[in-house]
Amino acid sequence: MNDVVNLSLPSKPEYVSVARLTASFVANKMGFDIEAIEDIKLAVGEACNNAVLHSGSHDTYNLEFIRNDLTLVIEIKDFGAGFNYNNYVEPKLEEPQENGLGLFIIKSLMDNVSIETGEGHGTKIIMSKIIE
Amino acid sequence: MNDVVNLSLPSKPEYVSVARLTASFVANKMGFDIEAIEDIKLAVGEACNNAVLHSGSHDTYNLEFIRNDLTLVIEIKDFGAGFNYNNYVEPKLEEPQENGLGLFIIKSLMDNVSIETGEGHGTKIIMSKIIE
Amino acid sequence: MSLKLNSSFNDSENCWEIELMGEIDINSKSVLKDELNQLNEKKQADFIFKCENLEYIDSTGLGVLISFYKNVKIGNHTVMFEKLKPSILKIFSLTGLDKIFSIR
Amino acid sequence: MSLKLNSSFNDSENCWEIELMGEIDINSKSVLKDELNQLNEKKQADFIFKCENLEYIDSTGLGVLISFYKNVKIGNHTVMFEKLKPSILKIFSLTGLDKIFSIR
Ligand SMILES: Nc1ncnc2c1ncn2[C@@H]1O[C@H](COP(=O)(O)OP(=O)(O)O)[C@@H](O)[C@H]1O
Ligand SMILES: Nc1ncnc2c1ncn2[C@@H]1O[C@H](COP(=O)(O)OP(=O)(O)O)[C@@H](O)[C@H]1O
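Chains as they are written, first to last, in our numbering: chain B, 1 to 132; chain D, 1001 to 1132; chain P, 2001 to 2104; chain C, 3001 to 3104.
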């Protein structure tokens, strides 16, 4: 059976590091190398930042870490405003902007990323990484 | 409103340290001093050990950290065998035994401890500590 | 772990030297932002960031650096990063920041 | 953080010296148990635990030490702990272990 760690955090900046610590721990136990652990930590951090900054919900959000033989699947789910993903545009890296790097970083660092969101329906981002 | 952190962990020894890390983090953010943080960490560790070793459940158990102004309340709940708390006897410290120190340590280190358990009904231990 | 900063003005090189230690994230970024704005108001000059003990930076931290860079650029000064850890260098490259900042 | 052990036999003092580093908990206690049993089989002697870098021990770890103590006591040897951190000394006192072990 898969090991599952569930975490629910207040939608506040100061708790995001609990999510990162948990992500590092699980990734480390699974045997990911240091580079991959850093990737996972950052991707989780970015998804949590979005839940805290953009969801518009001041309550809590959830993380689920599913340990699956060679794959780590992580779901981050908030219950906030959601957004229209069709309007999402990738950042132009030649013209650095203060914002808009989060989802790009997540997609670049993880092997598989999917996003379920809709205005008023909250956002769920599912990301996974495979041990090489 | 109170900040609440929820954590659900596989009933396996290797994940207990995630609970301890989370406990340390929350206690530290609340402003407990180093000695109190160590106390809380150990009390949480002992309660998790019991959930893993004695509950007889091989699935998961839950932790809830409730941050309450000057009081940290922590609930650790498993869905296992439970036990008859009326039969519980405190350890005799003059004759050290390999077992039986866990609940004694928890009660010694925390300000308030209550246990809800019954054979076949799982165990919930609620402990709290107040910032001095 | 949170962020620690050590700032000093290097007179001989005429630049600000800032040691970054710990994590720059959604929670600590405003500490960095405030410090940089204060230093830049005190004296406009080049900036050198010493990153040997910088463990983590996320997009909110990069955002602070980018907007600061735009400020400093107006005065025609440079922003330099020293001794970035591999994991952080990777994020600088990924996001194109290695093109706008000097890195050594 | 997990547990690291460094064991060596001190010929001049005729005792085992074991450096304990990290955390002795439900997950790492069997590492300690196996090591102690092996050393004791190799050569019965006094035991000195160097605890400067021991960060954490829980009741399952204390249980290992107590049952080991009973083994060693049979051969009339002593078990000594050096440089315990305050938080760990506190647990030793709380559970009465400071009465059965030598602590310095
Ligand atoms: N969890 C979320 N809830 C609501 N909107 C979101 C969420 N995550 C992302 N978004 C939307 O997608 C945009 C792009 O996100 P991202 O790439 O992470 O960059 P940034 O967070 O810097 O804006 C955000 O500005 C926001 O409008
Ligand atoms: N979560 C639990 N589920 C079932 N039984 C428990 C639980 N916690 C404690 N117990 C019972 O209470 C006893 C005393 O627990 P404790 O004081 O922690 O010492 P130890 O765990 O070393 O036996 C245990 O041996 C067990 O029988």
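Cβ coordinates follow ideal geometry from the N, Cα and C atoms, glycine included.
Computed from a predicted structure; not experimentally measured.
**Message:** For Asp1069 (chain D), count the other beta carbons within 10 Å of its own beta carbon; 16 or more makes it buried, fewer makes it exposed. Which is it?
**Reply:** By the neighbour-count rule (16 or more Cβ atoms within 10 Å), Asp1069 (chain D) is not buried but exposed.
**Asked** Which residues of chain D have a Cβ atom closer than 8 Å to the Cβ of Ser128 (chain B), listed in chain order?
**Response** Within chain D, no residue comes near Ser128 (chain B); the closest Cβ sits about 19 Å away, beyond 8 Å.
**Message:** Rounded to whole angstroms, what is the Cα-Cα separation between Val52 (chain B) and Glu14 (chain B)?
**Reply:** Near 10 Å, if we compare the C-alpha coordinates of Glu14 (chain B) and Val52 (chain B).
**Request:** Identify every residue that forms a DSSP beta bridge with Asn3006 (chain C).
**Result:** C:Glu3019
**Pairwise C-alpha distance: Leu3065 (chain C) and Ile3074 (chain C)** = Distance between the alpha carbons of Ile3074 (chain C) and Leu3065 (chain C): 14 Å.
**Asked** Taking buried to mean at least 16 other C-beta atoms within 10 Å of its own C-beta, is Asp78 (chain B) buried or exposed?
**Response** buried
**the region 3069-3084 of chain C / the region 1026-1040 of chain D touching (three or more Cβ pairs under 8 Å)** = Taking one beta carbon from each stretch, the region 3069-3084 of chain C and the region 1026-1040 of chain D have fewer than 3 pairs nearer than 8 Å; the two do not touch.
**Asked** When you compare each of D:Pro1091, D:Leu1009, D:Asn1086 to Leu1103 (chain D) by their alpha carbons, which one comes out closest?
**Response** Here the closest residue by C-alpha is D:Pro1091.
**Request:** Please state if the CB of Leu3032 (chain C) and the CB of Ile3026 (chain C) are separated by a distance shorter than 9 Å.
**Result:** no
**Request:** Would you please verify whether the beta carbon of Asn1099 (chain D) is less than 9 Å from any beta carbon of chain C?
**Result:** For Asn1099 (chain D), the closest Cβ of chain C is nearer than 9 Å.
**Asked** Can you tell me whether DSSP reads Arg1020 (chain D) as helix, strand or coil?
**Response** helix
**Prompt:** Should Gly120 (chain B) go down as buried or exposed, given a rule of 16 or more other Cβ atoms within 10 Å for buried?
**Reply:** exposed
**Message:** For a test of the three-state rule: what should DSSP assign to Tyr1088 (chain D), helix, strand or coil?
**Reply:** coil
**Message:** For Val1005 (chain D) and Leu21 (chain B), which I take to be in contact (beta-carbon distance under 8 Å), what is that distance rounded to the nearest angstrom?
**Reply:** That belief does not hold up - the Cβ atoms of Val1005 (chain D) and Leu21 (chain B) are roughly 12 Å apart, past 8 Å.
**Asked** the region 3013-3027 of chain C: which residues have C-beta closer than 9 Å to a C-beta of chain D, in chain order?
**Response** Glu3023, Asp3025, Ile3026, Asn3027
**DSSP-derived helix/strand/coil call for Asp2097 (chain P)** = One point to set straight first is that residue 2097 (chain P) is Leu, not Asp, in the sequence displayed. Residue state for Leu2097 (chain P) is assigned as helix, using DSSP reduced to three classes.
**Prompt:** What are the boundary residues of the beta strand (DSSP E) that includes Asn1068 (chain D)?
**Reply:** 1060-1068
**Item:** Burial state of Ser2012 (chain P), where buried means 16 or more other Cβ atoms lie within 10 Å
**Value:** Ser2012 (chain P) comes out exposed.
**Status (buried if at least 16 other CB within 10 Å, exposed otherwise) for Ser2105 (chain P)** = Absent from the model: residue 2105 (chain P). The displayed extent of chain P is 2001 to 2104, so no value can be given.
**Prompt:** Under the criterion of a Cβ to heavy atom distance below 8 Å, does Glu1064 (chain D) qualify as lining ligand 2?
**Reply:** In this structure, Glu1064 (chain D) has its beta carbon at no less than 8 Å from each heavy atom of ligand 2.
**Request:** For Gly56 (chain B), I'd like the list of residues in its chain whose CB is within less than 6 Å of its CB, leaving aside the five on either flank, ordered along the chain.
**Result:** Gly80, Ala81
**Message:** Taking 8 Å as the cut-off, is the beta-carbon of Ile1125 (chain D) closer than that to any non-hydrogen atom of ligand 2?
**Reply:** yes
**Message:** Taking its Cβ as the centre, do 16 or more other Cβ atoms sit within 10 Å of Pro1096 (chain D), making it buried, or is it exposed?
**Reply:** It counts as buried.
**Asked** Which class does Asn2 (chain B) belong to by DSSP, given the choice of helix, strand or coil?
**Response** Of the three classes helix, strand and coil, the one that applies to Asn2 (chain B) here is coil, per DSSP.
**Prompt:** Could one say the Cβ of Gly1102 (chain D) lies closer than 9 Å to chain C's Cβ atoms, at least one of them?
**Reply:** yes
**Message:** For Met3021 (chain C), which residues in the same chain have their Cβ closer than 6 Å to its Cβ, ignoring the five residues on either side in sequence?
**Reply:** Lys3004, Asn3053
**Request:** Show which residues of chain C have a CB atom less than 9 Å away from the CB atom of Val1016 (chain D).
**Result:** Asp3025, Ile3026, Asn3027, Asp3058
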